[in-house]
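Residue numbers (our numbering): 103 to 327. This report refers to the structure that appears directly beneath it.
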Ligand SMILES: C[S@@+](CC[C@H](N)C(=O)[O-])C[C@H]1O[C@@H](n2cnc3c(N)ncnc32)[C@H](O)[C@@H]1O
């Protein structure tokens with residue numbers, strides 16, 4: 103039995119974007135939505151095998167899709183309460199393939215070089231300024247095995263609107279345009295053989311603290327080392 107944990111307060115000045123969500127009170131479904139259709143399609147169609155790392159996995163919106171295909175998955179997040187929900191939501195038969203680890207993705211990742219066949223990261227990388235994004239990307243490259251695969255998304259032109267119509271923006275979060283993000287991703291993933299797809303979220307409720315309507319354009323990147 104895993105212990106129940108408290109929600110983690112955001113510290114945006116330290117790049118901790120946890121939104122103060124109490125995952126223990128959010129029910130079974132992911133607070134980040136049912137999953138983007140293009141991301142789900144990619145997860146379904148692409149070859150995913152071996153040992154995978156799900157970075158900033160949250161309460162596990164895509165984690166089961168990864169677990170069904172990979173040999174094993176480490177789901178990580180800075181918020182232990184999100185990981186606790188992810189673990190409890192995972193069907194028993196997949197738990198032997200799952201490990202959860204709590205850490206900050208802006209620090210050196212706690213794994214040796216060439217540890218993973220794949221790294222997956224959605225809904226998080228757009229939160230960080232260029233310098234931090236580049237250091238996270240460097241770490242992803244380091245922990246990937248030769249010929250390993252990264253699947254990431256990067257949200258741009260973000261709009262969050264609270265129920266009373268106010269725009270929400272997180273303290274130190276940058277505002278990337280689609281064009282800026284494309285240029286950045288091309289540069290940062292130039293060592294990979296990569297494909298970029300464009301998609302968008304038209305309007306979705308995110309059960310942050312408080313809840314808000316969310317829309318954005320985003321890039322999906324599949325990069326082979
Ligand atoms: C919008 S949610 C996305 C969750 C999940 N990847 C998904 O697509 O549903 C962003 C996640 O990033 C995590 N996070 C924020 N700052 C972090 C940091 N510095 N290190 C690790 N995780 C972080 C949050 O706790 C949250 O679970």
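Even glycine gets a Cβ: it sits at the ideal position worked out from N, Cα and C.
- Here DSSP, grouped into helix, strand and coil, assigns residue 235 to helix.
- Restricting attention to 189, 122, 323 and 296, the CA atom closest to the CA of residue 228 is found in 323.
- Setting aside the 5 residues that flank it on each side, residue 155 is surrounded in the same chain by 176, 218 and 221, each with a C-beta closer than 6 Å to its C-beta; the list follows chain order.
- Excluding residues up to 5 positions away in sequence, 150, 151, 152, 153, 154, 199, 219 and 220 lie with their Cβ nearer than 8 Å to the Cβ of residue 172 in the same chain.
- With a cut-off of 7 Å, the C-beta of residue 160 is classified as near ligand 1, since at least one heavy atom of the ligand falls inside that distance.
- The DSSP-derived three-state label of residue 316 is strand.
- The beta carbon of residue 278 sits no closer than 7 Å to any heavy atom of ligand 1.
- Its chain contains 138, 140, 320 and 322 as the residues whose beta carbon lies nearer than 7 Å to that of residue 301, once the 5 sequence neighbours on both sides are disregarded; these appear in chain order.
- Counting along the chain, residue 166 sits inside the alpha helix (DSSP H) bounded by residues 165 to 171.
- DSSP lists 251 and 295 as the beta-bridge partner residues of residue 326.
- In the three-state reduction of the DSSP assignment, residue 257 falls in the strand class, which pools E and B.
- Relative to ligand 1, the beta carbon of residue 252 is positioned no closer than 7 Å to any heavy atom.
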